[in-house]
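In our numbering, each residue's number is its place in the sequence shown (first place is 1) plus 106. We put the beta carbon where it would ideally sit given N, CA and C, even for glycine. Shown next, in structure tokens, is the structure this report addresses.
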Amino acid sequence: MSLGKTGREQWGSKLGFILAAAGSAIGLGNIWRFPYLAGENGGAAFIFIYVLCAFAIGIPVLIAEILIGRSTQKDPVGAFKALHKSPFWPAIGGMGVLAGFVILSFYSVVAGWSLGYVVEAIKGSFYQYTAPDSAGKHFNDLIGNVGWSVGYMAAFMLLTMLVVYFGVQKGIERGSKIMMPMLFGLLIIVTIQGLSLEGSSAGLSYLFNPDFSKINAKVVLAALGQAFFSLSLGMGAMLTYGSYLKKKDNIPSSAVWVAVLDTSVAVIAGVAIFTVVFATKQSPDVGPSLIFRTLPAVLTQIPGGYIFSILFFVALVLAALTSTVSLLEVVTAYFVDEKKWDRKKAVLIFGMACLLLGIPSALSFNVLADSTMFGLNFFGLTEFIASNLLLPIGGFFISIFVGWVWHKATVRENVIAGAEGSFGKYPWLLTTWEIVLKYIAPILIFIVLLSSIGLI
Ligand code: TRP
Numbered sequence: 107m108s109l110g111k112t113g114r115e116q117w118g119s120k121l122g123f124i125l126a127a128a129g130s131a132i133g134l135g136n137i138w139r140f141p142y143l144a145g146e147n148g149g150a151a152f153i154f155i156y157v158l159c160a161f162a163i164g165i166p167v168l169i170a171e172i173l174i175g176r177s178t179q180k181d182p183v184g185a186f187k188a189l190h191k192s193p194f195w196p197a198i199g200g201m202g203v204l205a206g207f208v209i210l211s212f213y214s215v216v217a218g219w220s221l222g223y224v225v226e227a228i229k230g231s232f233y234q235y236t237a238p239d240s241a242g243k244h245f246n247d248l249i250g251n252v253g254w255s256v257g258y259m260a261a262f263m264l265l266t267m268l269v270v271y272f273g274v275q276k277g278i279e280r281g282s283k284i285m286m287p288m289l290f291g292l293l294i295i296v297t298i299q300g301l302s303l304e305g306s307s308a309g310l311s312y313l314f315n316p317d318f319s320k321i322n323a324k325v326v327l328a329a330l331g332q333a334f335f336s337l338s339l340g341m342g343a344m345l346t347y348g349s350y351l352k353k354k355d356n357i358p359s360s361a362v363w364v365a366v367l368d369t370s371v372a373v374i375a376g377v378a379i380f381t382v383v384f385a386t387k388q389s390p391d392v393g394p395s396l397i398f399r400t401l402p403a404v405l406t407q408i409p410g411g412y413i414f415s416i417l418f419f420v421a422l423v424l425a426a427l428t429s430t431v432s433l434l435e436v437v438t439a440y441f442v443d444e445k446k447w448d449r450k451k452a453v454l455i456f457g458m459a460c461l462l463l464g465i466p467s468a469l470s471f472n473v474l475a476d477s478t479m480f481g482l483n484f485f486g487l488t489e490f491i492a493s494n495l496l497l498p499i500g501g502f503f504i505s506i507f508v509g510w511v512w513h514k515a516t517v518r519e520n521v522i523a524g525a526e527g528s529f530g531k532y533p534w535l536l537t538t539w540e541i542v543l544k545y546i547a548p549i550l551i552f553i554v555l556l557s558s559i560g561l562i
């Protein structure tokens with residue numbers, strides 16, 4: 107990062123921004139959440155709808171969000187304040203900051219599991235798995251242990267706080283450049299291994315042969331929620347990252363890059379996991395434990411598997427870390443920019459608060475497993491509220507703002523800046539983007555929201 111004319115930090119290069127934004131986007135959402143949601147929602151049909159949502163709605167909203175950030179050079183609340191005088195719009199920014207806080211609390215639980223699995227990999231625990239089910243039992247024993255699950259969640263939160271405390275620039279921008287390619291490489295090795303297993307083709311057909319009769323409102327809701335979650339949309343994370351961009355940077359092309367990288371990692375992770383699930387005759391719909399049951403078993407069968415399993419979980423931890431940092435960064439940026447707090451104080455206070463909120467989520471897999479509301483435990487409830495309500499609501503209002511509220515000529519001038527060769531040259535691209543933001547995205551999100559709260 108370098109300092110701009112105003113003294114505000116800026117990305118060093120377009121690549122720096124794409125990697126940081128992809129670092130935020132690519133995380134547990136791709137490797138942990140996407141496969142288990144696909145497994146719970148019927149496989150290929152879900153994936154088909156997901157890819158459609160990510161490209162047709164995700165990319166336009168991603169462009170809109172980055173654009174608000176770049177145009178105002180501010181945090182989510184400050185950005186809306188700068189663009190509109192009614193207090194309503196800054197409140198939407200504030201809802202995003204809150205969503206970031208809630209997501210961070212449950213996300214850190216799973217990130218903590220990944221951290222714990224680095225230690226399991228080092229201990230060689232995966233080699234004790236004799237039958238496919240023993241991996242599942244081992245996982246259940248671990249997350250059922252209060253000390254293990256709360257301890258690793260807390261450790262992960264402290265790690266996140268440490269990075270944000272010392273600033274994102276050098277650590278995260280440089281870290282993403284090393285870790286993202288490494289994760290990609292390791293994922294491909296695991297995928298090839300998965301494909302070589304006998305019976306893996308059943309997994310591929312589960313992933314790529316859609317049974318369209320499986321598509322219903324619940325599947326579309328899950329797919330749209332996941333598209334927002336995976337692209338880090340709807341809560342101002344991409345807005346905040348966009349605020350470090352220079353005017354001449356090309357927003358549409360960066361957005362397409364981020365979406366393509368993000369979707370590829372999700373689909374590759376899906377192949378890696380479902381080939382193993384089907385080859386070992388496990389059930390695809392076991393929920394959040396899916397990757398922890400399947401991957402360790404196959405990792406140990408690869409030559410050098412001991413090392414690969416350690417590297418894989420280390421890469422997973424780092425992918426998660428570049429995402430949690432972007433979440434805590436939004437909360438921190440808000441208190442630093444709007445409330446003039448000292449950065450370190452904001453990190454300590456909100457990191458600790460988030461750690462406390464993470465405890466009931468960590469306990470949802472042991473002592474609080476049976477305390478449910480609407481059929482969901484605390485973890486499930488916070489995940490549902492954030493991913494299926496707050497993010498779509500945020501995305502809805504971001505589309506409405508850019509599509510309807512913001513002055514049209516200003517929007518056009520801003521989005522074309524840096525994208526003269528695409529949005530500037532082909533008016534149909536610009537118009538399509540506007541139509542999606544004006545009509546398609548808000549209407550679809552609205553319908554999906556109504557169905558998620560049971561109104562239709
Ligand atoms: N996109 C990340 C993932 O898939 C998680 C994440 C980071 C996120 N920042 C976000 C999700 C902002 C929603 C909003 O793992």
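With which residues is Met-479 paired in a DSSP beta bridge? By one-based count along the sequence shown, residue 479 stands at place 373. According to DSSP, Met-479 bridges with Leu-482.
Limits of the alpha helix (DSSP H) - the one that Asn-520 falls within: Taking the sequence shown and counting its residues from 1, the one referred to as residue 520 is at position 414. Counting along the chain, the alpha helix (DSSP H) containing Asn-520 begins and ends at 514-522.
I think Arg-518 touches Leu-497, with their Cβ atoms under 8 Å apart; what is that distance to the nearest whole Å? On the sequence shown, position 412 is the one that residue 518 refers to. On the sequence shown, position 391 is the one that residue 497 refers to. Taking 8 Å as the upper bound for CB-CB distance, Arg-518 and Leu-497 are not in contact here, some 27 Å apart.
For Gly-164, does the count of other Cβ atoms within 10 angstroms reach 16, so buried, or fall short, so exposed? By one-based count along the sequence shown, residue 164 stands at place 58. Under this definition Gly-164 is a buried residue.
Three-state secondary structure (DSSP) of Glu-304: In the sequence shown, the residue the question calls residue 304 occupies position 198. Correct three-state label for Glu-304: coil.
Quick one, are the C-beta atoms of Ile-172 and Gly-393 less than 8 Å apart? Counting from 1 along the sequence shown, the entry for residue 172 is found at position 66. Counting from 1 along the sequence shown, the entry for residue 393 is found at position 287. Cβ atoms of Ile-172 and Gly-393: not closer than 8 Å.
Same chain only: Cβ atoms within 6 Å of Asn-472, ignoring 5 sequence neighbours per side: Translated into positions along the sequence shown, residue 472 becomes position 366. Contacts found: Gly-250 and Val-252.
Using three-state DSSP, classify Ala-459 as helix, strand or coil. Numbered from its first residue, the sequence shown carries residue 459 at position 353. Assigned with DSSP and collapsed to three states, Ala-459 falls in helix.
Are three or more beta carbon pairs between the stretch 232-246 and the stretch 390-406 nearer than 8 Å? The stretch 390-406 and the stretch 232-246 touch, with three or more beta-carbon pairs separated by less than 8 Å.
Is it true that the CB of Leu-265 sits closer than 8 Å to the CB of Leu-582? The question about residue 582 has no answer, for the chain in this structure spans 107 to 562.
Using three-state DSSP, classify Val-392 as helix, strand or coil. Here residue 392 refers to the residue found at position 286 when the sequence shown is read from its first residue. Looking at Val-392 - three-state DSSP - the assignment turns out to be coil, as it is neither helix nor strand.
Length of the line joining the Cα atoms of Lys-446 and Asn-520: If you number the sequence shown from 1, residue 446 lands on position 340. If you number the sequence shown from 1, residue 520 lands on position 414. Distance between the alpha carbons of Lys-446 and Asn-520 is about 28 Å.
8 Å Cβ cutoff met for Ile-68 and Leu-433: Here the chain covers residues 107 to 562 and nothing more, so residue 68 does not appear.
Is the beta carbon of Met-286 closer than 8 Å to that of Phe-127? The residue you call residue 127 lines up with position 21 of the sequence shown. The residue you call residue 286 lines up with position 180 of the sequence shown. The identity of residue 127 in the sequence shown is Ala, whereas the question assumes Phe. Inclusion of Ala-127 and Met-286 in the CB contact set at 8 Å is not warranted, their separation being larger than that value.
Have a look at Asp-391 and Ile-137 and give me their C-alpha separation to the nearest angstrom. Position 285 of the sequence shown holds residue 391. Position 31 of the sequence shown holds residue 137. Taking the CA atoms as reference points, Asp-391 sits about 15 Å from Ile-137.
With 16 as the cutoff for other CB atoms within 10 Å, does Asn-483 come out buried or exposed? The count along the sequence shown starts at 1 and reaches residue 483 at position 377. Under a 10 Å Cβ-count criterion, Asn-483 is classified as buried, with 16 or more other Cβ atoms of the shown protein chains found around its own Cβ.
Closest to Val-554 by C-alpha separation, out of Leu-293, Leu-330, Glu-146 and Ile-228, would be which residue? Here residue 554 refers to the residue found at position 448 when the sequence shown is read from its first residue. In this structure, Leu-330 is the residue among Leu-293, Leu-330, Glu-146 and Ile-228 with its C-alpha nearest to the C-alpha of Val-554.
Near the ligand TRP: Gly-501 beta-carbon under 7 Å from a heavy atom: Your numbering for residue 501 matches position 395 in the sequence shown. Not so, every heavy atom of the ligand TRP lies at least 7 Å from the Cβ.
What whole-angstrom Cβ distance do Val-183 and Pro-193 have, given they're in contact under 8 Å? Start at 1 with the first residue of the sequence shown, and residue 183 comes out as number 77. Start at 1 with the first residue of the sequence shown, and residue 193 comes out as number 87. Rounded to whole angstroms, the Cβ separation of Val-183 and Pro-193 is 10 Å, and the two are not in contact under 8 Å.
So does the stretch 434-443 actually touch the stretch 415-426, counting three or more Cβ pairs closer than 8 Å? Segments in contact, no.
Residue interval of the alpha helix (DSSP H) (run including Val-431): Position 325 of the sequence shown, counting from 1, holds the residue named residue 431. The continuous alpha helix (DSSP H) containing Val-431 extends over residues 411-443.
List the whole-angstrom C-beta distance separating Asp-368 from Leu-337, where the pair is believed to meet the contact cut-off of C-beta under 8 Å. Reading the sequence shown from its first residue, position 262 is the one you call residue 368. Reading the sequence shown from its first residue, position 231 is the one you call residue 337. Their Cβ separation, rounded to whole angstroms, is 6 Å, which keeps Asp-368 and Leu-337 in contact under 8 Å.
Roughly how many angstroms separate the alpha carbons of Ile-551 and Trp-512, rounded to a whole number? Here residue 551 is taken as the residue at index 445 of the sequence shown, counted from 1. Here residue 512 is taken as the residue at index 406 of the sequence shown, counted from 1. The straight-line gap from Cα to Cα measures roughly 20 Å.
Segments of 4+ residues assigned as alpha helix (DSSP H) that fall wholly inside the stretch 118-174: DSSP runs (the alpha helix (DSSP H)) wholly in the stretch 118-174: 120-131, 140-146 and 150-159.
Sequence-distant residues of its chain with Cβ nearer than 6 Å to Gly-530 (five each side left out): Start at 1 with the first residue of the sequence shown, and residue 530 comes out as number 424. Around Gly-530: Ile-522.
Can you grab the Cα-Cα spacing for the pair Gly-457 / Ile-374, in whole Å? In the sequence shown, residue 457 corresponds to position 351, counting from 1. In the sequence shown, residue 374 corresponds to position 268, counting from 1. Rounded to the nearest angstrom, the two C-alpha atoms are 32 Å apart.
Measuring alpha carbon to alpha carbon, tell me which residue in Leu-556, Leu-543 and Leu-561 is nearest Pro-166. On the sequence shown, residue 166 is found 60 positions in, with the first residue counted as 1. With distances taken between Cα atoms, Pro-166 lies closest to Leu-543.
Comparing alpha-carbon positions, which option in Glu-444, Lys-352 and Leu-121 lies nearest Ala-188? Here residue 188 is taken as the residue at index 82 of the sequence shown, counted from 1. Looking at the Cα atoms, Glu-444 is the closest of the given residues.
With distances taken between CB atoms, is the gap from Tyr-350 to Glu-115 smaller than 8 Å? Against the sequence shown, residue 350 aligns to sequence position 244. Against the sequence shown, residue 115 aligns to sequence position 9. Their beta carbons are under 8 Å apart, which means Tyr-350 touches Glu-115 by this criterion.
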